[in-house]
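Protein chains in written order, with my numbering: chain A, 541 to 609; chain B, 206 to 463. Cβ coordinates follow ideal geometry from the N, Cα and C atoms, glycine included.
This is the structure we're talking about:
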């Protein structure tokens with residue numbers, strides 16, 4: 541059980557890394573993109589880049605917030 | 206898309222990882238024993254090659270849309286992780302990865318460890334240090350090779366890029382017999398983060414059903430836009446006053462700008 545947990549922790553750290561919120565942003569943005577394309581018929585190619593850039597900025601802001609004056 | 210961007214991206218990503226693995230291998234070999242170090246490295250390379258040999262052909266059997274969605278998602282998340290770290294390092298919020306100090310730490314630990322032989326290996330510490338270092342750094346290489354190669358249906362080109370990087374770093378390492386501390390590692394990680402994030406977004410969105418304007422040519426816009434946004438965040442973070450933190454050192458600006 542402990543070995544399974546450490547393997548899981550390794551892969552989580554390997555793919556997701558320091559900020560899980562970035563991963564959530566990517567997954568939710570892709571789900572929304574699929575919804576736009578398949579349910580609404582909108583070719584929402586712009587949605588993922590916008591969400592990724594916003595997510596990166598949000599993550600950087602959180603990472604540096606405690607170090608500001 | 207031609208094979209060249211694929212080979213170059215894999216080459217740069219693998220060079221960074223190979224440099225980190227080289228630091229560990231040199232620390233084990235120069236302070237302990239070369240034979241056990243090479244044995245550890247060889248076993249790790251066999252394991253990595255086996256992973257590529259098994260997963261590579263398997264992943265190409267998946268339908269392209271599903272493959273692009275899964276791989277694009279993973280690549281975008283993975284790439285953003287690299288990019289985030291590279292930006293934090295370039296702006297002084299995170300210390301730069303320093304191969305020289307990493308090497309000294311490994312050397313100190315290697316000198317302190319006792320010598321013991323096991324399973325036909327004369328120095329078990331040197332073997333495991335080298336094995337773990339090459340395997341862990343190599344897993345990131347394997348991930349990039351499989352995802353890029355699988356998505357482009359060109360595993361051979363991805364393997365060529367990775368093999369060339371390992372060869373270049375190994376030959377250089379043997380020639381200088383020291384960690385490659387002067388390589389602009391953070392700048393390379395910055396570039397790789399941009400490439401992984403761009404390709405991840407491109408493939409992920411395609412997998413979700415999007416048709417990019419200009420099709421593959423959209424990448425020619427997406428990559429520079431990701432680079433510009435990342436550099437923009439870097440500039441913004443550098444302009445912030447940060448008490449208790451040293452100002453970003455001069456070479457970090459060279460690294461990102463280069």
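To the nearest angstrom, how far is the alpha carbon of residue i from that of residue j?
i	j	result
residue 556/A	residue 341/B	16 Å
residue 584/A	residue 427/B	15 Å
residue 318/B	residue 330/B	7 Å
residue 382/B	residue 581/A	59 Å
residue 266/B	residue 404/B	20 Å
residue 451/B	residue 295/B	Low per-residue confidence applies at residue 451/B: pLDDT is 47, beneath 50, and the placement is therefore not dependable, though the value from the model is reported in the following sentence. So the two alpha carbons sit approximately 12 Å from each other.
residue 455/B	residue 268/B	At residue 455/B, the pLDDT of 40 sits below 50, so the modelled position is not reliable; the number obtained from the coordinates is stated separately. The straight-line gap from Cα to Cα measures roughly 48 Å.
residue 592/A	residue 326/B	48 Å
residue 255/B	residue 345/B	15 Å
residue 460/B	residue 264/B	Confidence at residue 460/B is low in this model, with a pLDDT of 42, below 50, so its placement is unreliable and the value that follows should be read with caution. Approximately 35 Å between the Cα atoms of the pair.
residue 437/B	residue 562/A	18 Å
residue 444/B	residue 590/A	24 Å
residue 248/B	residue 570/A	39 Å
residue 462/B	residue 559/A	At residue 462/B, the pLDDT of 39 sits below 50, so the modelled position is not reliable; the number obtained from the coordinates is stated separately. In a straight line, the C-alpha of residue 462/B is about 26 Å away from that of residue 559/A.
residue 310/B	residue 369/B	28 Å
residue 422/B	residue 253/B	33 Å
residue 410/B	residue 238/B	49 Å
Quick one, are the C-beta atoms of residue i and residue j less than 9 Å apart?
i	j	result
residue 350/B	residue 360/B	yes
residue 270/B	residue 412/B	yes
residue 233/B	residue 334/B	yes
residue 244/B	residue 348/B	no
residue 401/B	residue 283/B	yes
residue 355/B	residue 261/B	yes
residue 374/B	residue 227/B	yes
residue 235/B	residue 599/A	no
residue 291/B	residue 391/B	yes
residue 596/A	residue 289/B	yes
residue 221/B	residue 406/B	no
For residue i, return the contacting residues in chain B, with the cut-off set at a CB-CB distance below 7 Å.
i	result
residue 597/A	438
residue 557/A	286
residue 584/A	415
residue 567/A	278
residue 563/A	282
DSSP beta-bridge partners for residue i?
i	result
residue 323/B	326/B
Just to make sure I have the definition right: I need the residues of chain A whose C-beta is within less than 9 Å of the C-beta of residue i. Which are they?
i	result
residue 355/B	Within chain A, no residue comes near residue 355/B; the closest Cβ sits about 16 Å away, beyond 9 Å.
residue 409/B	566, 569, 570, 573 and 588
residue 402/B	592 and 596
Would you mind telling me which residues of chain A sit closer than 7 Å to residue i, beta carbon to beta carbon, in chain order?
i	result
residue 370/B	By Cβ distance, chain A contributes nothing, its closest Cβ being about 20 Å from residue 370/B, past 7 Å.
residue 292/B	600
How would you list, in chain order, the residues of chain A whose beta-carbon sits under 8 Å from the beta-carbon of residue i?
i	result
residue 393/B	Within chain A, no residue comes near residue 393/B; the closest Cβ sits about 18 Å away, beyond 8 Å.
Less than 9 Å between CB atoms is the rule here; does residue i satisfy it with respect to chain E?
i	result
residue 427/B	The structure shown has no chain E; the protein chains it does contain are A and B.
Below 9 Å on C-beta distance, what does residue i contact in chain B?
i	result
residue 580/A	By Cβ distance, chain B contributes nothing, its closest Cβ being about 11 Å from residue 580/A, past 9 Å.
In the region 270-290 of chain B, which residues sit with their C-beta less than 8 Å from some C-beta in chain A, listed in chain order?
-> Cβ contacts with chain A come from 274, 277, 278, 279, 281, 282, 283, 285, 286, 288, 289 and 290.
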